[in-house]
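Below: one structure, written as structure tokens.
In this note's numbering, the protein residues as written are 356 to 688.
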């Protein structure tokens, strides 16, 4: 199935081809051979320099033996490094790959009943291996993207994203350029591998048994032979740099609990000005500066401790003739 779209570089546009005729993938299958065979009829030509090959993670996992007996609940603890949010039986977690996804990306669809499919062990490594194989067998210098489906904060529905990549730019930076109105572009950086993943999914479909796609028209994104680039893992934000390290309910619970292992997802310590504003908002009274921190008189100790923890500070209590006071201090003091 080939669907042309308007291209970003010129009037020539891009094409995305998702060939039919791919059989059920089993452990040990040669994915490169399956794709090249399917392309004989689907693309009408072999791979060419500058092509971008898109492969669903499901078939990569099947070929690598990541199919397990059981259900999601059985496998979820082993695939999870941290629970981000819970809503009934649904868990959004940070997975062992660093991805934040529902059920760590464990999938029970398109697999035999009573079995589940885990994500590949190392999607970037899988993409690098496929890229090298395509080069060896066809001589073509291509990019490779491995995709999975994920939900999005604030929006219904799911889209495909890149969880593995090799041989192409993952971000297309426009920083330092100027738009048509003369405005400087400072932080504009489209995640082009995610955009390509979604474009490919439109051609592949969810029920069409088309796990491969080839995108043509963006050879400018493909790196030179031997240069695999940073991989899709470069798009994963480190712990603490995401504004939404916990779900809303979970953030309240974690702040009240105040466990040291929960500190990182709250991000870098806030400035004294930001903490002071938060204290004033909660208590209705501006705190008093105290050495490197703040003194808050009469406030509930548990509230102050949670507020300090959520802002990357610590809380100490002192009792004097004026009653109990909370001292909010930097964690390094």
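The beta-carbon is built from N, C-alpha and C at its ideal position, and this holds for glycine as well.
The structure displayed is predicted, hence computed values, not measured ones.
Notebook entry, point to check: Among 619, 577, 583, which one has its Cα closest to the Cα of residue 597?
Noted result: Minimum Cα distance to residue 597 is reached at 619.
Margin query: If I follow the unbroken alpha helix (DSSP H) through residue 571, where does it start and stop?
Written below: Bounds of any alpha helix (DSSP H) do not take in residue 571; it lies within the beta strand (DSSP E) bounded by 567–571.
Notebook entry, point to check: DSSP on residue 361, reduced to helix/strand/coil?
Noted result: Because residue 361 sits at a pLDDT of 39, beneath the cut-off of 50, its placement in the model cannot be relied upon, and the point is left open.
Notebook entry, point to check: Do residue 668 and residue 648 come within 9 Å of each other at the CB atom, strictly closer than that value?
Noted result: Taking 9 Å as the cut-off, the beta carbon of residue 648 is found closer than this to the beta carbon of residue 668.
Notebook entry, point to check: Taking just the CA atoms, how far does residue 471 sit from residue 458?
Noted result: Distance between the alpha carbons of residue 458 and residue 471 is about 12 Å.
Margin query: Ignoring anything shorter than 3 residues, give me the beta strand (DSSP E) runs that lie fully in the region 469–543, in order along the chain.
Written below: Runs of the beta strand (DSSP E) lying entirely within the region 469–543 and spanning at least 3 residues, in chain order: 470–472, 498–507, 510–521.
Check: So is residue 611 buried or exposed if we call it buried at 16+ other beta carbons inside 10 Å?
Finding: The residue in question, residue 611, is exposed, as its Cβ has fewer than 16 Cβ neighbours within 10 Å.
Notebook entry, point to check: With 16 as the cutoff for other CB atoms within 10 Å, does residue 559 come out buried or exposed?
Noted result: In summary, residue 559 is buried, with 16 or more beta-carbon neighbours lying within 10 Å of its beta-carbon over all protein chains present.
Next item on the list: Name the residue from 375, 430, 486 whose alpha carbon lies nearest to the alpha carbon of residue 469.
Entry: Of the candidates 375, 430, 486, 430 places its Cα closest to the Cα of residue 469.
Notebook entry, point to check: Quick one, which of 505, 586, 434 has its alpha-carbon nearest residue 421's?
Noted result: For residue 421, the nearest C-alpha among the options comes from 434.
Next item on the list: Return the CA-CA distance between residue 361 and residue 369, expressed in angstroms with no decimal places.
Entry: Model confidence at residue 361 stands at a pLDDT of 39, short of 50, so the residue's coordinates are unreliable; what they give is reported in the following sentence. About 6 Å.
Item checked: residue 619 - containing alpha helix (DSSP H), residue span -> First-last for residue 619: undefined, no H or E at that position.
Notebook entry, point to check: Between the C-alpha atoms of residue 510 and residue 544, what's the straight-line distance to the nearest angstrom?
Noted result: Straight-line spacing of the CA atoms in residue 510 and residue 544 works out to 21 Å.
Notebook entry, point to check: What did DSSP end up calling residue 586 once you bin it into helix, strand or coil?
Noted result: Residue 586 sits in coil when the DSSP states are folded into three classes, being neither helix nor strand.
Checklist line | Beta-carbon contacts of residue 503 that lie in its chain and below 6 Å, excluding the five residues immediately before and after | finding: Cβ neighbours of residue 503 beyond the five flanking positions: 412, 460, 518.
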